[in-house]
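*Asks:* Can you keep this structure in mind? I'll have questions shortly.
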Amino acid sequence: MTINSGIREKLSRLGIRNTLDLILHLPIRYEDETHLLLIGDLLPGKTAQIEGTVIHNEVIMCPRRQLLCQVEDSSGSLVMRFLHFYTSQIKAYAVGKRVRLLGEVRDGFWGIEMVHPKCRVIEQQGEMLAGALTPIYATTVGLSQKTLSKLIAQALHDAEQSRILIETLPNSIIEKHGLVGLWESISTLHYPLPDVSLEMLHSHSHPAWRRIKFDELLAHQLSMRMHYRKRRSSSAPVLSKKNHLIQRFIEGLPFTLTSAQHKVIAEISQDLSVACPMHRMLQGDVGSGKTIVAAVAALQAIESDHQVAIMAPTEILAEQHFEKLSAWLTPLGVDVIRLSGSQNKKQKQKAQDEIAQKTGLLVVGTHTLFQDRIMFCQLGLVIIDEQHRFGVQQRLALQLKGTQSNVVPHQLMMTATPIPRTLSMSYYADLDVSIIDQLPPGRAPLITKLIADNRRDEIIERIQYVCQQGKQAYWVCPLIEESEALQLQTALETYNSLSKLLPKLVIGLVHGRLSSQEKNEVVNAFKQGCIQLLIATTVIEVGIDIPNASLMVIENAERMGLSQLHQLRGRVGRGSETSICILMYRQPLSEIARQRLKIIFETTDGFEIARQDLHLRGPGEYLGARQSGVPMLRFADLEQDYDLLIAAQSVVDELLNHYPDLAEKHIDRWLGNRVAFLRV
Ligand code: ADP
Ligand code: MG
């Protein structure tokens with residue numbers, strides 16, 4: 017069949033570009049036109065097909081124009097009703113015509129009825145019934161079900177002749193996992209025979225569906241695994257543990273490391289000491305002490321005379337890391353270099369020269385680190401803090417930068433946004449993961465309160481009281497995603513009104529429009545206690561570590577996402593004082609906002625919050641498909657199809673080792689050109 021450009025354009029709106037896409041455009045539901053029921057047996061609420069003769073036909077105005085036809089068979093009669101109709105239909109369904117109707121049976125004013133049923137005029141008695149359930153496809157404006165069905169039927173016909181749908185699973189795997197053949201699954205799903213359970217088809221639990229979902233999950237697992245193997249086959253510098261710096265560093269700390277910190281340090285240390293690039297994600301809830309782990313990893317690279325780059329998502333955080341790390345490492349004789357957007361030309365040049373010439377130093381910056389001008393010298397380890405804030409491209413760019421004659425630097429990614437287990441088994445299957453599952457001791461509890469914004473005055477009094485006790489507080493302004501200008505305006509207004517209401521307090525303001533130097537000045541003043549109340553936009557979301565701040569107010573908390581709230585709240589509860597986080601909300605709350613606030617109120621466990629967040633939003637939104645560049649699953653559901661995920665995972669190595677051609681074909685079929693976007 018030739019497809020004209022109009023249809024082609026409509027197909028592409030459905031994501032269909034070729035024959036394979038057509039074949040994989042699986043029905044969203046089915047209609048059963050394979051048998052007829054008697055009108056006398058119909059039950060309201062059920063969908064049914066009947067056949068009968070029109071015995072009455074009338075257009076009435078009640079209250080608006082509608083076409084009523086009475087249709088009768090040997091067992092009784094029903095009313096067919098159209099609220100929109102063409103004049104031609106009045107004639108087509110004239111008295112005496114034989115019609116076949118498919119629709120939902122309802123109890124109507126005139127007895128049982130079908131409103132807008134699918135209606136076909138039967139020219140000859142005994143016309144064949146459909147041999148299979150009728151597939152209904154997702155379609156788009158201007159593309160009829162009929163045209164789409166035809167195109168799909170043609171595609172399936174073509175597929176039978178070509179090798180488009182060749183089986184990519186060897187028999188042994190099919191048998192072992194009780195799967196159905198691919199061709200059989202596809203044809204069952206498009207044209208299920210009358211005896212197939214509609215229930216199982218609709219719930220996607222039919223074996224034909226399970227095969228499709230298995231294949232889809234397998235494709236992801238295969239490409240992740242290939243990626244993993246490719247990485248394992250490239251080489252990285254051997255950064256063995258010499259221990260003279262690390263030991264001194266750890267011994268000099270004012271506290272002892274937690275056993276969780278010791279455990280992850282050992283895992284990272286092991287990776288660094290072999291000639292294969294590390295690709296490890298360090299997960300630890302806010303405040304669990306990841307920075308020290310990063311410092312120890314950095315020291316191991318530096319001991320081996322290699323450079324380390326630490327990349328942070330914001331200038332504020334980069335500055336904080338710089339200060340902390342130089343305070344820790346400079347006494348050990350390690351050079352720590354800051355690269356920042358706010359440095360003047362001379363400072364920048366100086367930093368660049370050092371980075372290009374000296375091995376064994378630590379560089380701290382934002383994404384400015386991978387600008388063209390920056391040339392590293394023996395970059396051995398790249399550490400990316402709050403990795404979820406960076407896109408795939410940025411992470412890749414930094415790694416490539418350090419790649420010299422095929423030697424790839426090790427990579428450590430850190431995040432406080434934990435990856436739920438189902439995701440780490442799927443989208444993140446190519447990563448190794450280390451988890452800090454313990455907070456440093458001595459942290460006082462954190463109390464979360466939900467308060468409606470009509471009690472704002474009480475909250476303001478509370479701030480006054482707390483600050484007069486020598487403590488400090490944050491006030492987080494509402495998030496206004498649509499407009500940065502409006503966001504700024506709100507922050508300024510909040511600052512002005514709170515300054516009036518709290519004249520005795522020293523109040524600071526930090527927002528995204530300040531230069532990084534200005535931001536740092538404000539944050540430092542707060543850190544040193546010169547500012548008592550810091551009004552901030554969500555720029556303070558990540559990383560900021562100021563233990564004396566023990567009260568946080570988040571305005572319009574209902575507008576924020578779960579992980580954002582968790583991150584913000586993590587700014588308090590870092591000292592030995594009991595901390596309070598007040599989530600102020602405005603009514604009425606949407607259902608989703610209510611659920612989010614309930615979750616954040618009930619738990620402070622980042623893993624639990626992430627799990628619930630994934631549940632609320634689904635993996636696509638959770639991962640931020642655009643940001644992470646991960647192709648999403650179309651058919652499989654990670655939670656519901658967990659058993660299939662495990663099954664798919666278990667055959668990956670067998671397929672890659674013994675049937676590499678099939679594996680390649682399989683990936684190509686399911687991920688095609690999207691594989692290029694796969695995560696790094
Ligand atoms: P995050 O994991 O959120 O990045 P940080 O690395 O900023 O956490 O650490 C939070 C605070 O806890 C810092 O002030 C840090 O010095 C402190 N800290 C880290 N490890 C320990 C420990 N083992 N005992 C006590 N305090 C610690
Ligand atoms: Mg941190």
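Residue numbers (our numbering): 17 to 696.
Just so it is clear, CB atoms sit at the ideal spot from N, CA and C, and this is done for glycine as well.
DSSP has K134 in a bridge; who is on the other side?
*Replies:* If you number the sequence shown from 1, residue 134 lands on position 118. In DSSP, K134 forms a bridge with L118.
*Asks:* Does DSSP classify H631 as helix, strand or coil?
*Replies:* For the purposes of this step, residue 631 is taken as residue 615 along the sequence shown, with counting starting at 1. Note: H631 maps to helix in three-state DSSP.
*Asks:* Are V492 and I570 close, meaning C-beta to C-beta below 7 Å?
*Replies:* Residue numbering aside, residue 492 sits at position 476 when the sequence shown is read from its first letter. Residue numbering aside, residue 570 sits at position 554 when the sequence shown is read from its first letter. In this structure, I570 lies closer than 7 Å to V492 by Cβ.
*Asks:* Have a look at L584 and V254 and give me their C-alpha separation to the nearest angstrom.
*Replies:* Indexing the sequence shown from 1 puts residue 584 at position 568. Indexing the sequence shown from 1 puts residue 254 at position 238. Each residue's alpha carbon lies about 38 Å from the other.
*Asks:* Report whether the distance from the Cβ of T274 to the nearest heavy atom of the ligand ADP is below 6 Å.
*Replies:* Position 258 of the sequence shown holds residue 274. Checking the Cβ of T274 against the ligand ADP gives yes.
*Asks:* Evaluate P434 with the Cβ neighbour count: other Cβ atoms within 10 Å of its Cβ, from every protein chain shown; 16 or more gives buried, anything less gives exposed.
*Replies:* Translated into the one-based positions of the sequence shown, residue 434 becomes position 418. Under this definition P434 is a buried residue.
*Asks:* Buried or exposed, going by whether 16 or more other CB atoms sit within 10 Å of the CB of P60?
*Replies:* Translated into positions along the sequence shown, residue 60 becomes position 44. Exposed, by the Cβ-count rule.
*Asks:* Between which two residues does the alpha helix (DSSP H) harbouring M8 extend?
*Replies:* Outside the displayed span of the chain (17 to 696) sits residue 8, for which this structure offers no information.
*Asks:* State the beta-bridge partners of M96 as determined by DSSP.
*Replies:* Position 80 of the sequence shown, counting from 1, holds the residue named residue 96. Paired residue(s): C85 and M130.
*Asks:* Taking the beta carbon of E335 as the centre, do at least 16 other beta carbons fall within 10 Å, making it buried, or is it exposed?
*Replies:* Here residue 335 refers to the residue found at position 319 of the sequence shown. Buried, since its Cβ has 16 or more Cβ neighbours within 10 Å.
*Asks:* Based on DSSP bridge pairs, tell me the residues matched to Y601.
*Replies:* In the sequence shown, counting from the first residue as 1, residue 601 sits at position 585. Under DSSP, the beta-bridge partners assigned to Y601 are A468.
*Asks:* Could you round the C-beta distance between F392 and Q323 to whole angstroms and report it? I think they count as a contact, below 8 Å.
*Replies:* Start at 1 with the first residue of the sequence shown, and residue 392 comes out as number 376. Start at 1 with the first residue of the sequence shown, and residue 323 comes out as number 307. At roughly 6 Å, the Cβ-Cβ gap stays under 8 Å, so F392 and Q323 are in contact.
*Asks:* So, with DSSP's three-state summary, where would you put L684?
*Replies:* Translated into positions along the sequence shown, residue 684 becomes position 668. This sequence places Asp at residue 684; Leu is not what is there. Helix, per DSSP.
*Asks:* Assign S77 to buried or exposed, taking buried as 16 or more other Cβ atoms, counted over all protein chains shown, within 10 Å of its Cβ.
*Replies:* One-based indexing of the sequence shown puts residue 77 at position 61. Correcting the residue type first, residue 77 is Met in the shown sequence and not Ser. By the neighbour-count rule (16 or more Cβ atoms within 10 Å), M77 is not buried but exposed.
*Asks:* Just to confirm, does K543 get its C-beta within under 6 Å of one of the non-hydrogen atoms of the ligand ADP?
*Replies:* Mapped onto the sequence shown, residue 543 falls at position 527. Because no heavy atom of the ligand ADP lies under 6 Å away, the Cβ of K543 does not count as near it: no.
*Asks:* What I want to know is whether the C-beta of K306 ends up closer than 6 Å to one or more non-hydrogen atoms of the ligand MG.
*Replies:* Your numbering for residue 306 matches position 290 in the sequence shown. Yes; taking the cut-off as 6 Å, the Cβ of K306 has a heavy atom of the ligand MG nearer than that.
*Asks:* Is P456 near the ligand ADP - that is, is its Cβ less than 6 Å away from at least one heavy atom of it?
*Replies:* Start at 1 with the first residue of the sequence shown, and residue 456 comes out as number 440. Checking the Cβ of P456 against the ligand ADP gives yes.
*Asks:* Hey, is the stretch 625 to 635 in contact with the stretch 465 to 482, meaning 3+ C-beta pairs nearer than 8 Å?
*Replies:* no
*Asks:* Which same chain residues, not among the five before or five after T156, have their C-beta less than 7 Å away from its C-beta?
*Replies:* Sequence index remark: in the sequence shown, residue 156 carries index 140 (1-based). For T156, where only same-chain residues beyond five positions count, the Cβ hits under 7 Å are K26, R29 and L30.
*Asks:* Just tell me which of M242, L181, P43 and V350 has its CA closest to the CA of F265.
*Replies:* In the sequence shown, counting from the first residue as 1, residue 265 sits at position 249. When the alpha-carbon of F265 is set against those of M242, L181, P43 and V350, the nearest one is in V350.
*Asks:* In the structure shown, what three-state DSSP assignment does G622 receive?
*Replies:* Locating residue 622 in the sequence shown gives position 606, where the first residue counts as 1. Of the three classes helix, strand and coil, the one that applies to G622 here is helix, per DSSP.
*Asks:* Spatial neighbours of M297 within its chain, please: C-beta separation below 6 Å, excluding the five flanking residues on both sides.
*Replies:* Working through the sequence shown from its first residue, we reach residue 297 at position 281. Contacts found: M429, L447 and V449.
*Asks:* Grab me the residues of L209's own chain with a C-beta within less than 8 Å of its C-beta, minus the 5 sequence neighbours each way, in chain order.
*Replies:* Here residue 209 refers to the residue found at position 193 when the sequence shown is read from its first residue. The residues are G147, A148 and L149.
*Asks:* Roughly how many angstroms lie between the CA atoms of G112 and F101, to the nearest whole one?
*Replies:* Position 96 of the sequence shown holds residue 112. Position 85 of the sequence shown holds residue 101. Going from the Cα of G112 to the Cα of F101 covers about 19 Å.
*Asks:* Under the DSSP definition of a beta bridge, which residues are partnered with P151?
*Replies:* In the sequence shown, counting from the first residue as 1, residue 151 sits at position 135. Its beta-bridge partners are Y46.
*Asks:* Quick one: using the 10 Å Cβ neighbour count with 16 as the cut-off for buried, is G458 buried or exposed?
*Replies:* Indexing the sequence shown from 1 puts residue 458 at position 442. By the C-beta density criterion, G458 is exposed, having fewer than 16 other C-beta atoms within 10 angstroms.
*Asks:* Would you tell me roughly how many angstroms separate the C-alpha atoms of L118 and M144, rounded to the nearest one?
*Replies:* In the sequence shown, counting from the first residue as 1, residue 118 sits at position 102. In the sequence shown, counting from the first residue as 1, residue 144 sits at position 128. One C-alpha to the other measures close to 15 Å.
*Asks:* If you count every other CB in all the chains shown that lies within 10 Å of the CB of V555, and 16 or more means buried, which is it?
*Replies:* Residue numbering aside, residue 555 sits at position 539 when the sequence shown is read from its first letter. With 16 or more Cβ atoms within 10 Å of its Cβ, V555 is classed as buried.
*Asks:* Which value, in whole angstroms, describes the spacing of the CA atoms of D57 and G124?
*Replies:* On the sequence shown, residue 57 is found 41 positions in, with the first residue counted as 1. On the sequence shown, residue 124 is found 108 positions in, with the first residue counted as 1. Between D57 and G124, the C-alpha separation is close to 16 Å.
*Asks:* For Q665 and H243, I'd like the C-alpha separation in whole angstroms.
*Replies:* Taking the first residue of the sequence shown as 1, we reach residue 665 at position 649. Taking the first residue of the sequence shown as 1, we reach residue 243 at position 227. When rounded, the distance between both Cα atoms is 15 Å.
*Asks:* Just curious, the beta strand (DSSP E) that L38 is in, first and last residue?
*Replies:* Translated into positions along the sequence shown, residue 38 becomes position 22. Where L38 is concerned, there is no enclosing beta strand (DSSP E), although the alpha helix (DSSP H) it sits in stretches over T35 to I39.
*Asks:* What does a CB cutoff of less than 8 Å around R24 pick up in its chain, not counting 5 residues either side in sequence?
*Replies:* Numbered from its first residue, the sequence shown carries residue 24 at position 8. Hits under 8 Å: none found.
*Asks:* The alpha helix (DSSP H) spanning S666 covers which residue range?
*Replies:* The count along the sequence shown starts at 1 and reaches residue 666 at position 650. Segment Y658 to H674, the alpha helix (DSSP H) holding S666.
*Asks:* I need the DSSP call for V324, collapsed to helix, strand or coil.
*Replies:* Counting from one through the sequence shown, the residue named residue 324 turns up at place 308. Three-state result, V324: strand.
*Asks:* Kindly provide the ranges of any beta strand (DSSP E) runs that are 3 or more residues long and lie completely inside the stretch 535 to 565, ordered along the chain.
*Replies:* Taking only runs of at least 3 residues, the beta strand (DSSP E) segments lying wholly in the stretch 535 to 565 are 549 to 552.
*Asks:* What ranges does the alpha helix (DSSP H) occupy inside the stretch 230 to 266, keeping only unbroken runs of at least 4 residues that lie completely in it?
*Replies:* none
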